[in-house]
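The first sequence begins at 1 in full-length UniProt numbering and counts up by one. Note that CB positions come from ideal geometry on N, CA and C, so glycine has one too.
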Amino acid sequence: MTPSPTDLPALRAALLAWFDRSGRALPWRVGPEGGRDPYRVWVSEVLLQQTQVARGRVYFERFMEAFPTVEALASAPIDAVLKAWEGCGYYARARNLHRAAGIIAQEGFPAHYAGWRALPGVGPYTAAAVASLSGGEARAVNDGNVRRVLARLGGERQPTERWVQARADELLDPARPGAWNEAVMDLGATVCTPKNPKCPECPVSASCAALASGDPAAFPAPKVRAEVREVRAVALLLGDTQAAVLERREGTLLGGLMGLPTQLLAPDELPAAALERLAARLGARVTGELGTVTHTMTHRRVTLSVYGGEGGPPRTPVAAEALSRLDHKALALWERREGSLFAERKS
DNA sequence: AATACGGGGTT
DNA sequence: AACCCAGTATT
Numbered sequence: 001m002t003p004s005p006t007d008l009p010a011l012r013a014a015l016l017a018w019f020d021r022s023g024r025a026l027p028w029r030v031g032p033e034g035g036r037d038p039y040r041v042w043v044s045e046v047l048l049q050q051t052q053v054a055r056g057r058v059y060f061e062r063f064m065e066a067f068p069t070v071e072a073l074a075s076a077p078i079d080a081v082l083k084a085w086e087g088c089g090y091y092a093r094a095r096n097l098h099r100a101a102g103i104i105a106q107e108g109f110p111a112h113y114a115g116w117r118a119l120p121g122v123g124p125y126t127a128a129a130v131a132s133l134s135g136g137e138a139r140a141v142n143d144g145n146v147r148r149v150l151a152r153l154g155g156e157r158q159p160t161e162r163w164v165q166a167r168a169d170e171l172l173d174p175a176r177p178g179a180w181n182e183a184v185m186d187l188g189a190t191v192c193t194p195k196n197p198k199c200p201e202c203p204v205s206a207s208c209a210a211l212a213s214g215d216p217a218a219f220p221a222p223k224v225r226a227e228v229r230e231v232r233a234v235a236l237l238l239g240d241t242q243a244a245v246l247e248r249r250e251g252t253l254l255g256g257l258m259g260l261p262t263q264l265l266a267p268d269e270l271p272a273a274a275l276e277r278l279a280a281r282l283g284a285r286v287t288g289e290l291g292t293v294t295h296t297m298t299h300r301r302v303t304l305s306v307y308g309g310e311g312g313p314p315r316t317p318v319a320a321e322a323l324s325r326l327d328h329k330a331l332a333l334w335e336r337r338e339g340s341l342f343a344e345r346k347s
């Protein structure tokens with residue numbers, strides 16, 4: 001049920017009062033409302049894309065330590081940026097952040113939504129967030145929290161992006177756009193949660209159509225997700241966990257990160273065949289199998305068989321490079337090889 | 001409108 | 001094992 005226009009001020013006042021009392025204290029929420037440090041806000045928003053706050057917070061602190069200013073970020077090598085991002089996923093975010101930092105270092109921070117939106121890695125959500133939180137501009141954000149909160153308030157089971165944005169635009173408090181955006185997201189994250197929402201604690205429960213329906217958690221309906229595909233590959237560990245042959249991954253999957261030389265198996269291909277191709281390409285000799293690891297990456301499940309070998313290109317220090325979790329799992333097999341197990345075996 | 005893109009938390 | 005997370009870029 002859409003609140004009538006006369007309810008709107010009351011709804012805004014109720015949520016903002018709750019926010020002023022119960023909003024989260026977060027490390028990027030520094031500076032005056034609507035006038036926050038654009039660098040911190042921008043970095044945090046990119047870091048928090050599809051990443052939970054608890055996790056993003058750890059990376060944020062690490063990132064600010066390594067790159068305290070946009071100039072520091074712009075002048076840093078991309079490898080250092082990826083290393084700071086290691087393990088956080090969606091590495092295009094780090095590559096785009098670095099590219100955008102170069103632009104900002106030249107031209108200064110964008111003054112408005114459109115300028116933010118033009119930067120690589122800044123979409124409608126991030127542009128609205130930074131423009132409102134840092135610039136005081138009246139732009140309504142639309143993220144997973146907003147989608148859920150508004151779907152429930154409006155009693156809409158299948159909210160389209162268009163519907164959500166339209167509702168968010170209507171509700172946005174033009175007097176406090178930054179605080180309003182943070183308030184809706186805080187409500188979604190702490191009260192109006194996906195499962196078991198805490199409706200008794202909700203400052204706007206009286207206006208909630210989903211609660212009135214009796215089953216608020218049923219709003220919005222779950223999104224249909226693509227199936228997880230199976231992928232098989234072989235990898236060659238030439239060296240050890242300290243120094244090994246590493247290659248830079250090209251393309252979109254883990255692009256920019258370093259990793260063990262890897263060969264995907266064609267459908268129905270035997271690992272031995274792919275391994276032979278891989279060893280031939282590197283000019284290396286396979287000495288034995290270290291084991292198999294599996295790794296799930298939302299949309300695909302990778303089964304990677306790892307082999308040890310000799311020869312091939314020069315080894316490089318592993319610790320300095322940014323590796324995916326998959327490669328860390330592969331490297332961990334080295335510690336479990338026969339000799340090591342024997343040496344560490346206790347009586 | 002779909003799909004690719006990481007990795008992990010919560011239920 | 002679902003379902004989700006302060007989304008974006010590319011089809």
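Item	Value
Straight-line gap, V149 to T190 (C-alpha atoms, nearest Å)	11 Å
Where P177 sits in the DSSP three-state scheme	helix
Cα-Cα separation between S305 and L82, rounded to whole angstroms	26 Å
A332 - containing alpha helix (DSSP H), residue span	325-332
Stretch-stretch touch, CB-based, cutoff 8 Å, three pairs: the segment 225-233 with the segment 156-172	no
Coil, strand or helix - R29 by DSSP	coil
Residue range of the unbroken beta strand (DSSP E) whose run includes G308	300-311
Own chain residues within Cβ distance below 8 Å of R301, not counting five before or after	V228, R229, E230, V231, T294, H295
Cβ shell of T303 (< 6 Å), same chain only, five flanking positions each side left out	R232, T294
Per-residue DSSP class, three states only, for L237	strand
Outcome for S347 when other beta-carbon atoms lying within 10 angstroms are tallied against a minimum of 16	Note that S347 has pLDDT 28, beneath the 50 cutoff, so the model's placement of it is unreliable and no number is given.
Between the CA atoms of W116 and L282 - distance to the nearest angstrom	44 Å
Straight-line Cα distance separating R36 from V30	6 Å
Length of the line joining the Cα atoms of A66 and A74	12 Å
Counterpart residues of T316 in DSSP-defined beta bridges	A244
Opposing strand residues paired with V293 [DSSP bridges]	L304
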